[in-house]
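From first to last, the protein sequence lines are chains A and B. Letter by letter, the first sequence follows residues 7 to 230 in this note's numbering. Letter by letter, the second sequence follows residues 7 to 230 in this note's numbering.
Protein chains: 2
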Amino acid sequence: MSSKPMISTYHEQETARDRILDAAEALFAEHGYYAATMRDIAREAVVPTSLITHHFGTKDDLFSEVIHRRVPEQIADMHRELSAAKAASKGGPIPIEALIHAYIGPMMLRSASGDPGWKNYARLLGLAMHGRQYAQFLKPMIGYYDPITNEFMAELRLIYPDADARRLHWAMYFLQASILHVLVEAGMVDRQSGGLCRSNDLPTILDEMVALFAAGFEGRLNAR
Amino acid sequence: MSSKPMISTYHEQETARDRILDAAEALFAEHGYYAATMRDIAREAVVPTSLITHHFGTKDDLFSEVIHRRVPEQIADMHRELSAAKAASKGGPIPIEALIHAYIGPMMLRSASGDPGWKNYARLLGLAMHGRQYAQFLKPMIGYYDPITNEFMAELRLIYPDADARRLHWAMYFLQASILHVLVEAGMVDRQSGGLCRSNDLPTILDEMVALFAAGFEGRLNAR
DNA sequence: GTCTATAATGAGATAGAC
DNA sequence: GTCTATCTCATTATAGAC
Numbered sequence: 007m008s009s010k011p012m013i014s015t016y017h018e019q020e021t022a023r024d025r026i027l028d029a030a031e032a033l034f035a036e037h038g039y040y041a042a043t044m045r046d047i048a049r050e051a052v053v054p055t056s057l058i059t060h061h062f063g064t065k066d067d068l069f070s071e072v073i074h075r076r077v078p079e080q081i082a083d084m085h086r087e088l089s090a091a092k093a094a095s096k097g098g099p100i101p102i103e104a105l106i107h108a109y110i111g112p113m114m115l116r117s118a119s120g121d122p123g124w125k126n127y128a129r130l131l132g133l134a135m136h137g138r139q140y141a142q143f144l145k146p147m148i149g150y151y152d153p154i155t156n157e158f159m160a161e162l163r164l165i166y167p168d169a170d171a172r173r174l175h176w177a178m179y180f181l182q183a184s185i186l187h188v189l190v191e192a193g194m195v196d197r198q199s200g201g202l203c204r205s206n207d208l209p210t211i212l213d214e215m216v217a218l219f220a221a222g223f224e225g226r227l228n229a230r
Numbered sequence: 007m008s009s010k011p012m013i014s015t016y017h018e019q020e021t022a023r024d025r026i027l028d029a030a031e032a033l034f035a036e037h038g039y040y041a042a043t044m045r046d047i048a049r050e051a052v053v054p055t056s057l058i059t060h061h062f063g064t065k066d067d068l069f070s071e072v073i074h075r076r077v078p079e080q081i082a083d084m085h086r087e088l089s090a091a092k093a094a095s096k097g098g099p100i101p102i103e104a105l106i107h108a109y110i111g112p113m114m115l116r117s118a119s120g121d122p123g124w125k126n127y128a129r130l131l132g133l134a135m136h137g138r139q140y141a142q143f144l145k146p147m148i149g150y151y152d153p154i155t156n157e158f159m160a161e162l163r164l165i166y167p168d169a170d171a172r173r174l175h176w177a178m179y180f181l182q183a184s185i186l187h188v189l190v191e192a193g194m195v196d197r198q199s200g201g202l203c204r205s206n207d208l209p210t211i212l213d214e215m216v217a218l219f220a221a222g223f224e225g226r227l228n229a230r
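Pasting the structure below:
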């Protein structure tokens with residue numbers, strides 16, 4: 007808050023603490039929480055292992071800090087997009103394409119922005135949210151994502167006021183399930199399409215995903 | 007193949023080898039590959055750790071064997087459902103609902119069948135296929151799933167002969183991304199819906215998912 | 001096939017000098 | 001804030017008796 011470098015994207019003048027966070031983010035995203043060791047992270051950051059515990063405490067604490075460094079900005083992105091979509095619809099329900107885009111677009115575009123830190127964070131998010139409840143490293147995330155998702159749910163209800171409440175939740179569930187895998191960029195579609203589609207082509211994926219889920223929501227949630 | 011018990015669902019007369027596989031399947035599914043230790047697995051199976059390596063070799067080998075025990079039956083399920091859908095359509099294109107159901111239904115219904123082994127296997131599948139290419143334990147899986155997915159892709163092309171090839175791949179990609187998370191039963195929808203929807207209610211999820219993706223495919227792939 | 005005992009390695013975390 | 005050296009413990013894997 008006080009003496010941070012103003013531009014943290016470039017590696018010049020980066021403190022050891024920042025290098026540790028960057029390295030942890032990258033290795034957690036690449037190998038997962040358990041397979042990424044403190045030693046690996048220290049080597050990547052070119053610091054002794056003890057400096058990690060000095061700055062952050064336990065490995066769990068380090069993971070939490072990696073999340074907390076980015077998550078407020080991400081949630082702010084989503085709020086901004088949601089507000090813009092609301093303003094553009096002038097009191098009426100938001101077009102479904104705009105709502106889906108506001109929900110999944112910010113993280114995908116951050117990931118595609120060219121900043122390797124955001125790319126790693128996006129992949130880490132996709133990995134962590136895929137785990138089960140008890141996983142301790144889910145906790146720093148769900149406190150942020152469940153509330154913002156509920157805000158989007160409220161708008162979805164305004165678009166489809168006659169749809170069954172459970173059906174609205176299922177629709178959002180499938181959308182979230184899908185985006186989590188997309189953020190990981192696991193390479194499945196690359197293999198299966200023989201290179202025709204690339205899982206790191208996030209701008210294309212965003213367009214395709216918005217269109218497909220919008221069609222699904224329209225077809226499924228207007229009835230009844 | 008020769009002296010296996012004919013009914014492996016019940017625990018009576020189960021060999022130590024089978025107990026090890028069951029325990030490994032359960033703990034890999036619950037905690038992931040790295041967090042589930044050989045000691046945990048041995049304790050759960052009530053055998054000494056050394057018996058695991060004696061029967062299976064390394065931890066990697068054990069994981070592979072857990073997969074190979076179930077995957078042929080699962081692929082056979084999917085082939086059977088696909089063949090039945092083809093036969094029912096009498097030479098014409100398969101209805102999209104039937105194709106999606108044939109693709110995602112078998113694993114979901116196995117998971118919901120009441121056999122805890124299949125439930126654990128389904129969750130493990132959802133976890134493992136979510137990882138990235140290099141993850142060594144992905145290898146025993148993609149050799150099975152990519153070919154069967156390509157068979158379904160071929161049928162999808164027959165349903166939408168005028169659709170762009172990439173768009174067909176993206177549609178299947180989103181479907182697969184979604185089903186992987188559903189199989190994990192991570193509890194996300196339970197929290198967000200306040201208990202209105204449960205992530206272990208797979209029969210309901212199957213119906214909702216088939217309907218939503220069918221609407222999405224129809225709206226997205228008929229055009230052009 | 002099954003078990004006890006143990007080896008060999010790598011893990012997360014700490015002490016204390018500079 | 002940073003580093004060297006080390007502690008303690010859990011990990012996978014093996015040796016060899018029954």
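Where is the CB? At the ideal position from N, CA and C, for every residue including glycine.
Residues in its own chain within less than 6 angstroms of residue i by CB, not counting five upstream and five downstream?
i	result
A/Ile154	Ile81, Met84
A/Val195	Cys203, Ser205
B/Leu130	Phe34, Ala35
A/Val77	Tyr150
A/Leu186	Gly132, Met135, His136
Classify residue i as buried or exposed, calling it buried when 16 or more other Cβ atoms lie within 10 Å of its own Cβ.
i	result
A/Val190	buried
B/Gly137	buried
A/Glu79	exposed
A/Lys96	exposed
A/Gly123	buried
A/Val188	buried
B/Pro112	buried
B/Leu164	exposed
A/Ala220	buried
A/Ser89	exposed
A/Glu157	exposed
B/Ser184	buried
A/Val72	buried
B/Gly200	exposed
Quick check on the DSSP output: the alpha helix (DSSP H) that includes residue i runs from which residue to which?
i	result
A/Pro122	122-134
A/Tyr264	Since the first and last residues shown for chain A are 7 and 230, residue 264 of chain A lies out of range.
B/Lys92	65-94
B/Asp213	208-227
Please work out which residues of its chain come closer than 7 angstroms, Cβ to Cβ, to residue i, disregarding the five sequence neighbours upstream and downstream, and give them in chain order.
i	result
A/Leu68	Ala30, Ile58, Phe62
B/Asn228	Tyr166
Helix, strand or coil: which one does DSSP assign to residue i?
i	result
B/Leu202	coil
A/Pro153	helix
A/Ser119	coil
B/Val53	coil
B/Glu20	coil
A/Asp168	coil
A/Ile26	helix
B/Arg138	coil
B/Ala236	Since the displayed chain B opens at 7 and closes at 230, residue 236 of chain B lies outside it and no answer follows.
B/Ile100	coil
B/Gly111	helix
For residue i, which option in the options has the closest C-alpha, if you only look at C-alpha atoms?
i	options	result
B/Gly149	B/Ala32, B/Arg25, B/Ser70, B/Val53	B/Ser70
B/Leu27	B/Tyr40, B/Ser199, B/Lys65	B/Lys65
B/Phe180	A/Lys125, A/Gly222, A/Ala91, A/Asp121	A/Gly222
A/Leu144	B/Ala160, B/Phe143, B/Gly193	B/Gly193
A/Ile211	A/Gly200, A/Asp46, A/Ser117	A/Ser117
A/His74	A/Phe219, A/Gln198, A/Glu157, A/Tyr151	A/Tyr151
A/Leu105	A/Glu161, A/Asn126, A/Ala93, A/Asp168	A/Glu161
B/Leu115	B/Arg226, B/Ala217, B/Asp213	B/Asp213
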